[in-house]
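Numbering (the numbering used here), first residue to last: 4 to 486. Cβ coordinates follow ideal geometry from the N, Cα and C atoms, glycine included. I have placed the structure first, in the form of structure tokens, so that the comments after it can refer back to it.
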Amino acid sequence: MLLKRKISKKTFWLISLTAFLILSFLFIKTYPHLFSLYEVYIIRPSGQQLEIEPKEKIAIKFNRPISREAEKEFSIEPEISGKISFEDQFGKSYAQTITFKPDGYFAPDTLYQIRLNKIKSFYGTKKENLKYYFKTITSPKIKKLEPEKGGEGIDIQSTFSVNLDNFSPYFYFKFELEPAVDLNVEVKKDKNKFIVGHKNRLEQGREYILKISKFFLPDKNENLKGKKPYDIQTFKYKTLPPIAIDSFSPMADSLGLPQNQEIKVKFSRAVDYKSAEQNFSIEPNVDGNLGWEKDTLIFQPKEFSSLTWYTVKIKKGTVGHNDSGYLDSDFEFKFQTKLNPAARITPEKPIEPKIKKGKYIDIDISQQLLTPFEDGKSQGSFLISTGTYDMPTPHGEFKILNKQDLAYSTKYDLYMPFWMAFTTAGHGIHELPFWKYKGGYEYKERESHLGTRISHGCVRLGVGPAEQVYRWTEIGTPVIVHE
């Protein structure tokens with residue numbers, strides 16, 4: 004019985020020791036778990052990982068008090084200066100929360116990393132090489148731009164619509180056009196939009212660069228002056244070219260046009276009809292009707308005068324129909340109507356062309372007629388006066404040597420309009436001459452002299468036919484003089 008009690012006591016201590024060892028082992032094994040170290044929250048007490056404000060304090064709270072020696076193990080990348088502090092203190096050397104507040108501002112659009120190389124809790128548990136990440140606020144981005152970037156042919160009064168993905172109180176946008184233009188900027192926060200207009204219309208056919216500068220201004224009282232832009236974007240545009248005249252008829256400086264000649268002016272693009280009609284004129288003035296075929300202005304006269312120069316003009320300022328473009332300079336052209344058929348002479352004896360190809364001038368002294376021929380076809384005969392019997396016009400085959408709108412003869416002290424020389428001896432074709440006297444008085448050779456041999460050897464034409472022949476004739480045109 005006594006032996007039995009002794010065995011039981013020994014067994015008891017053995018069991019107790021075993022149990023103690025087992026419990027100690029289990030305690031040692033479970034201690035790190037029982038007093039494990041983990042984060043209660045990172046950044047904010049709410050635990051929400053939202054974008055961080057520029058001046059916001061970063062906080063990491065642990066479930067156990069940690070040694071303040073962790074300050075030495077703290078680093079942040081990208082590097083930024085700031086103050087590290089502790090909250091929820093547990094004695095002098097421990098606290099549950101470590102915080103970081105930047106001296107300046109966290110940069111936007113940036114992913115920061117906090118590292119704690121080693122931390123130790125009050126209970127001796129440790130953690131090493133801890134990494135925490137947070138993202139700062141996202142800067143507003145251009146979501147849509149109208150007109151679209153790289154726009155070709157924008158209107159000279161276009162406004163620019165700039166839509167952002169969001170508005171931020173920490174960012175300011177500045178708009179500039181190069182070349183410099185005064186701008187008006189309207190902000191529509193409810194629509195995340197800027198409307199950028201200009202006080203004066205842009206120049207036509209010119210390249211512009213829209214420069215959008217974005218400034219990071221975390222402090223509302225911060226002055227923009229001297230501040231470098233956070234970001235700059237540029238967009239190229241080109242305005243519509245000026246309205247132009249694509250084509251017109253008749254051709255400039257045309258001669259011998261009928262008295263019912265239709266005038267056509269085609270614009271490079273659609274114009275405002277009323278504006279174009281107000282800027283249309285023809286001199287000398289003539290009655291007629293204006294009409295349109297799409298972009299072509301048509302003028303149908305009642306009747307042009309005979310052998311008259313007319314000038315058609317479209318004044319600058321004619322505006323576009325679908326845009327704000329305009330004709331930026333006066334446009335004009337001239338033409339001359341043909342001589343009234345009554346001014347032409349029907350030869351008593353038909354004049355047969357002596358040259359069948361190209362142009363040539365036939366001078367028949369016996370009939371006192373000048374007839375231009377082209378490819379064997381008569382262009383009409385005109386009365387002339389040739390040289391007297393004492394100073395005859397030379398016979399033979401010649402060519403036009405030179406031309407001059409107004410020539411002067413020092414030998415006879417007279418002026419010869421529409422001069423065309425055909426000999427080196429000074430013979431030429433010209434309009435009836437005139438003399439100038441003191442006081443500005445002019446005397447013109449009489450039309451009644453036409454048809455007679457009265458000149459000093461030149462061939463004289465009447466007013467009207469002389470210019471018509473002059474315009475028709477080119478230097479080198481053959482001249483045949485015969486009886």
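- Starting from the C-beta of S70, find all residues in its chain whose C-beta is less than 8 Å away, skip the five residues before and the five after it, and write them out in chain order. S96, Y97, I122, K123, S124, F125
- Per DSSP, cross-strand counterpart(s) of S412: L417
- Item | Exposure of K341, with buried meaning 16 or more beta-carbon neighbours within 10 Å | buried
- Query: Taking all protein chains shown into account, do 16 or more other C-beta atoms lie within 10 angstroms of the C-beta of D222, making it buried, or fewer, making it exposed?
  - Reply: exposed
- Item | Buried or exposed (CB count within 10 angstroms, at least 16 for buried), P375 | buried
- Item | Classification of I398 by the beta-carbon crowding that lies within 10 angstroms, buried from 16 upward | Rather than Ile, the amino acid found at residue 398 in this sequence is His. Under this definition H398 is an exposed residue.
- Ignore the nearest five residues each way along the sequence and tell me which others in M4's own chain have a CB closer than 7 Å to its CB. With a pLDDT of 42 at M4, under the threshold of 50, the predicted position of this residue should be treated as unreliable, though the coordinate-derived value follows. Hits under 7 Å: none found.
- Can you tell me which of G465, P253, F238 puts its alpha carbon nearest to the alpha carbon of S451? G465
- Task: Compare the C-alpha of T102 against each of F109, E59, N66, A110 and name the closest.
- Result: E59
- Would S309 pass as a contact of Q262 if the rule is Cβ separation under 8 Å? yes
- Item | Selection from K402, L435, G460, S216 that minimises the alpha carbon distance to T389 | G460
- Query: Who pairs with F270 in a beta bridge, going by DSSP?
  - Reply: I248
- Query: How big is the Cα-Cα spacing for S458 and M423?
  - Reply: 15 Å
- Task: Kindly indicate which three-state DSSP category S19 falls into: helix, strand or coil?
- Result: helix
- Query: beta strand (DSSP E) containing P105: first to last residue?
  - Reply: 97-105
- Which of helix, strand or coil DSSP assigns to Q160: coil
- Task: Sort K402, Y175, V274 by Cα distance to N224 and report the nearest one.
- Result: Y175
- Could you tell me how far apart the beta carbons of E400 and I483 are, in whole angstroms, since I believe they sit closer than 8 Å? 5 Å
- For M501, the residue or residues it bridges with in DSSP: Since the displayed the chain opens at 4 and closes at 486, residue 501 lies outside it and no answer follows.
- Message: For F137, tell me which candidate among Y115, R47, D249 has the shortest Cα-Cα distance.
- Response: Y115
- Just grab the DSSP bridge partners of K487 for me. Residue coverage of the chain in this structure runs from 4 to 486, which leaves residue 487 outside it and unanswerable.
- State the Cα-Cα distance for the pair G467 and Q207, rounded to the nearest angstrom. 44 Å
- Cα-Cα separation between G383 and K414, rounded to whole angstroms: 32 Å
- Task: Count the other C-beta atoms from every protein chain shown that fall within 10 angstroms of the C-beta of T21, then say buried if there are 16 or more, exposed otherwise.
- Result: exposed
- Three-state secondary structure assigned by DSSP to K341: coil
- Task: Flag this pair as yes or no: are the beta carbons of L243 and D326 separated by less than 8 Å?
- Result: yes
- Query: Can K267 and S252 be called in contact, C-beta distance under 8 Å?
  - Reply: yes
- Query: Does the separation of the CB atoms of L435 and R456 fall below 8 Å?
  - Reply: no
- Exposure of N282, with buried meaning 16 or more beta-carbon neighbours within 10 Å: buried
- Message: Let me make sure I understand the geometry here. Which of W295, T321, D290, E131 has the alpha-carbon closest to that of S278?
- Response: T321
- Message: Quick check on A62: does DSSP put it in helix, strand or coil?
- Response: strand
- Query: Assuming K146 and N166 make a contact with CB atoms under 8 Å, what is their CB distance in whole Å?
  - Reply: 5 Å
- Which two residues bound the contiguous alpha helix (DSSP H) that contains E280? 276-281
- Give me whichever residues DSSP pairs with Q303 in a beta bridge. N292
- Tell me which same chain residues have a C-beta within less than 6 Å of the C-beta of I432, skipping the five on either side of it? M423, V462
- Query: What is the DSSP secondary structure of V184, reduced to helix, strand or coil?
  - Reply: coil
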